[in-house]
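Student: Pasting a structure here, questions to come.
Numbering (our numbering), first residue to last: 1423 to 1540.
Structure, rendered in structure tokens:
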């Protein structure tokens, strides 16, 4: 799923978007699950979070897990990296949660849960 997600890099962020014209965070994740795993998951990030099984911490996180933040979701790539439709940068980007940047520090303050769909 991570390889499929990389194909979305640079696609514009579009609130409510669910196509290659633009994605929002949960729309991108929903589409990845549909086409990579043939699995339908809820449309919005809160419902995705509630439907996923919680992973205890980043030591147990796996590629393809979902990282939930207040009002946001990202796909975990491993080694602290996430790929997501990023409103801050107006496109799909890869960011590192642990690189000490101002953005990563902000994400830590709104982190909610690591989730997995088996």
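Heads up, the beta-carbon is just placed ideally off N, CA and C, and yes, glycines get one too.
Quick caveat, the model's predicted, so the values are computed rather than measured.
From 1524, 1528, 1500 and 1526, pick the residue whose C-alpha is nearest to that of residue 1425; which is it?
Tutor: Among 1524, 1528, 1500 and 1526, the Cα nearest to that of residue 1425 belongs to 1500.
Student: Helix or strand or just coil, what does DSSP make of residue 1435?
Tutor: Reduced to three states, the DSSP call for residue 1435 is strand.
Student: Give the secondary structure of residue 1519 by DSSP, where H, G and I count as helix, E and B as strand, and everything else as coil.
Tutor: If DSSP states are grouped into helix, strand and coil, residue 1519 belongs with coil.
Student: Identify which residue in 1435, 1488, 1489 and 1423 has its Cα closest to the Cα of residue 1457.
Tutor: Of the listed residues, the one whose Cα sits closest to residue 1457 is 1423.
Student: Taking the continuous alpha helix (DSSP H) assigned at residue 1553, which residues delimit it?
Tutor: As shown, the chain starts at 1423 and ends at 1540. That puts residue 1553 outside it, with no answer to give.
Student: Give me the residue from 1480, 1523, 1462 and 1508 with the minimum Cα distance to residue 1502.
Tutor: Closest option to residue 1502, Cα to Cα, is 1480.
Student: Could you spell out the range, first to last residue, of the beta strand (DSSP E) harbouring residue 1535?
Tutor: Looking at the DSSP string, the run of the beta strand (DSSP E) that includes residue 1535 is 1533 to 1538.
Student: Looking at the structure shown, is residue 1483 part of a helix, part of a strand, or coil, going by DSSP?
Tutor: Here residue 1483 sits in coil by DSSP.
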